[in-house]
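K.L.:
Numbering (my numbering) for the sequence shown: 641 to 919. Yeah, the Cβ is synthetic: ideal placement off N, Cα and C, and Gly gets one too.
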Amino acid sequence: MSNPIAVFDSGLGGLSVARHLRSTLPNEEIVYFGDTARVPYGIKSRPTVAHFALEIARYLLEFEPKLMVAACNTASALALDALIDGLPVPVVGVVEPGARAAVELAAGGTIAVIGTEATIGCGAYRAAIESFSPGARVIARACPLFVPLVEEGRGCDDAIVRAVAEDYLSPLRQQNVRVVVLGCTHYPLLREAIAATLGPDVHIVDSGEQTARVVSATLAELGCLSTGAPAGTMRCYVSDNPQRFQQVGSRFLGHTIEHVEYVPPERYITTPVIPGLLR
Ligand code: DGL
Numbered sequence: 641m642s643n644p645i646a647v648f649d650s651g652l653g654g655l656s657v658a659r660h661l662r663s664t665l666p667n668e669e670i671v672y673f674g675d676t677a678r679v680p681y682g683i684k685s686r687p688t689v690a691h692f693a694l695e696i697a698r699y700l701l702e703f704e705p706k707l708m709v710a711a712c713n714t715a716s717a718l719a720l721d722a723l724i725d726g727l728p729v730p731v732v733g734v735v736e737p738g739a740r741a742a743v744e745l746a747a748g749g750t751i752a753v754i755g756t757e758a759t760i761g762c763g764a765y766r767a768a769i770e771s772f773s774p775g776a777r778v779i780a781r782a783c784p785l786f787v788p789l790v791e792e793g794r795g796c797d798d799a800i801v802r803a804v805a806e807d808y809l810s811p812l813r814q815q816n817v818r819v820v821v822l823g824c825t826h827y828p829l830l831r832e833a834i835a836a837t838l839g840p841d842v843h844i845v846d847s848g849e850q851t852a853r854v855v856s857a858t859l860a861e862l863g864c865l866s867t868g869a870p871a872g873t874m875r876c877y878v879s880d881n882p883q884r885f886q887q888v889g890s891r892f893l894g895h896t897i898e899h900v901e902y903v904p905p906e907r908y909i910t911t912p913v914i915p916g917l918l919r
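Here you go:
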């Protein structure tokens, strides 16, 4: 069996990224860790998110991955540098792929980014967009209620989802937005409601989808794509409640999740690896 791609998230949302990885790279083995004991990351501070992300990523090294994907937008936004510095394997986050695709699609027009409080608050998407397009007009908006609404199983036609989308996104209608970046793992499940609120002229970028392309290109560059191998499998590991992960997660993945295993804290909890990381 070839070395897997390791994917991690604060919980089950990263399965929306794994879904694209599986369809783009069907021969790859995937090992996924959802930190369901400590979700959400989207309201936590950078030191805490960086510490959690490093713990999970270091645990995943046991599987000898050829590449690590930080599927969580919050972890990518707050901790990508710490992950790259702290891990001996290539790490791909979701922020840069989403930002790059948005810049290409916007062709100089206004880009809106939506995500968790932490992702929006740290300005990572804005910085990535500006690095590809200096002086770009970027509007950033936290939409925290979208995460619990999706986890509760509410879909795009739900009246509460529509009302919340209207509340968060209607101010963007006056801003001549050309592209909106779905900067959170849960938002692709509300894609139609977001599109309906913003109107037909706004392009939507799913960071997870773009990330799968970058992972594919990176593996090709490194010469370690699994081609011609049998269909890859996916094994999931969680820090709490595997039953809920399996039930709710299948909506994110697009099909049934076969293998979910609970990982007890002593397998991944460590003391802070960066001095002064936890306050
Ligand atoms: N996975 C997180 C993200 O993409 C959303 C859930 C959370 O707040 O942990 O930002």
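Straight-line CA distance for A746 to C864?
P.N.:
Working through the sequence shown from its first residue, we reach residue 746 at position 106. Working through the sequence shown from its first residue, we reach residue 864 at position 224. Straight-line Cα distance between these residues: approximately 33 Å.
K.L.:
Can the beta-carbon of V657 be found closer than 8 Å to that of E791?
P.N.:
Along the sequence shown, read from residue 1 onward, the residue named residue 657 stands at position 17. Along the sequence shown, read from residue 1 onward, the residue named residue 791 stands at position 151. No, they are not a contact pair.
K.L.:
Quick one: grab the DSSP three-state call for C864.
P.N.:
For this step, residue 864 is matched to residue 224 along the sequence shown. Here C864 sits in coil by DSSP.
K.L.:
Quick one: any contact between the region 762-770 and the region 796-816, if contact means 3 or more CB pairs under 8 Å?
P.N.:
Contact fails: fewer than three Cβ-Cβ distances are below 8 Å.
K.L.:
If you follow the beta strand (DSSP E) that G674 is in, where does it begin and where does it stop?
P.N.:
Translated into the one-based positions of the sequence shown, residue 674 becomes position 34. That run of the beta strand (DSSP E) goes I670 to G674.
K.L.:
Below 8 Å, can you find three or more Cβ-Cβ pairs linking the region 733-745 to the region 771-786?
P.N.:
Enough Cβ pairs lie closer than 8 Å, so yes.
K.L.:
Pick from P666, D649 and A717: whose alpha carbon is nearest that of R678?
P.N.:
As a position in the sequence shown, residue 678 is number 38, starting the count at 1. For the residues P666, D649 and A717, the minimum Cα distance to R678 belongs to D649.
K.L.:
Going straight from the alpha carbon of I683 to that of E861, what length do you get?
P.N.:
Translated into positions along the sequence shown, residue 683 becomes position 43. Translated into positions along the sequence shown, residue 861 becomes position 221. Between I683 and E861, the C-alpha separation is close to 36 Å.
K.L.:
T910: which of A857, H895, I696 and R891 sits nearest, CA to CA?
P.N.:
Along the sequence shown, one-based indexing puts residue 910 at 270. Nearest of A857, H895, I696 and R891 to T910, Cα basis: I696.
K.L.:
Given the structure, does T714 come close to ligand 1, in the sense that its CB is under 7 Å from one of the ligand's heavy atoms?
P.N.:
Here the question's residue 714 lines up with position 74 in the sequence shown. Answer for T714: yes, Cβ within range of ligand 1.
K.L.:
Quick one, which of P784, R884, P828 and A857 has its alpha-carbon nearest V845's?
P.N.:
Residue numbering aside, residue 845 sits at position 205 when the sequence shown is read from its first letter. Closest option to V845, Cα to Cα, is P828.
K.L.:
Put R678 into one of helix, strand or coil per three-state DSSP.
P.N.:
For the purposes of this step, residue 678 is taken as the residue at position 38 of the sequence shown. Of the three classes helix, strand and coil, the one that applies to R678 here is coil, per DSSP.
K.L.:
What residues are listed by DSSP as bridge partners for F648?
P.N.:
Taking the sequence shown and counting its residues from 1, the one referred to as residue 648 is at position 8. Answer is F673 and A710, bridged to F648.
K.L.:
Answer yes if the region 871-891 comes into contact with the region 750-761, meaning at least three C-beta pairs across the two stretches below 8 Å, and no otherwise.
P.N.:
No, because fewer than three Cβ pairs between the region 750-761 and the region 871-891 fall closer than 8 Å, the two stretches do not touch.
K.L.:
Decide if D841 is buried, meaning its Cβ has at least 16 other Cβ atoms within 10 Å, or exposed.
P.N.:
Against the sequence shown, residue 841 aligns to sequence position 201. That one is exposed.
K.L.:
If you follow the beta strand (DSSP E) that L822 is in, where does it begin and where does it stop?
P.N.:
Within the sequence shown, residue 822 is the residue found at index 182, counting from 1. Run containing L822: V817 to G823, per the beta strand (DSSP E) assignment.
K.L.:
Hey, is Y902's beta-carbon within less than 8 Å of any beta-carbon in chain D?
P.N.:
This model lacks chain D altogether; it includes just one protein chain.
K.L.:
What does DSSP give as the partner residues of E901 in its beta bridges?
P.N.:
To locate residue 901, count along the sequence shown from 1; it is residue 261. DSSP output for E901 lists Y877 as bridge partner(s).
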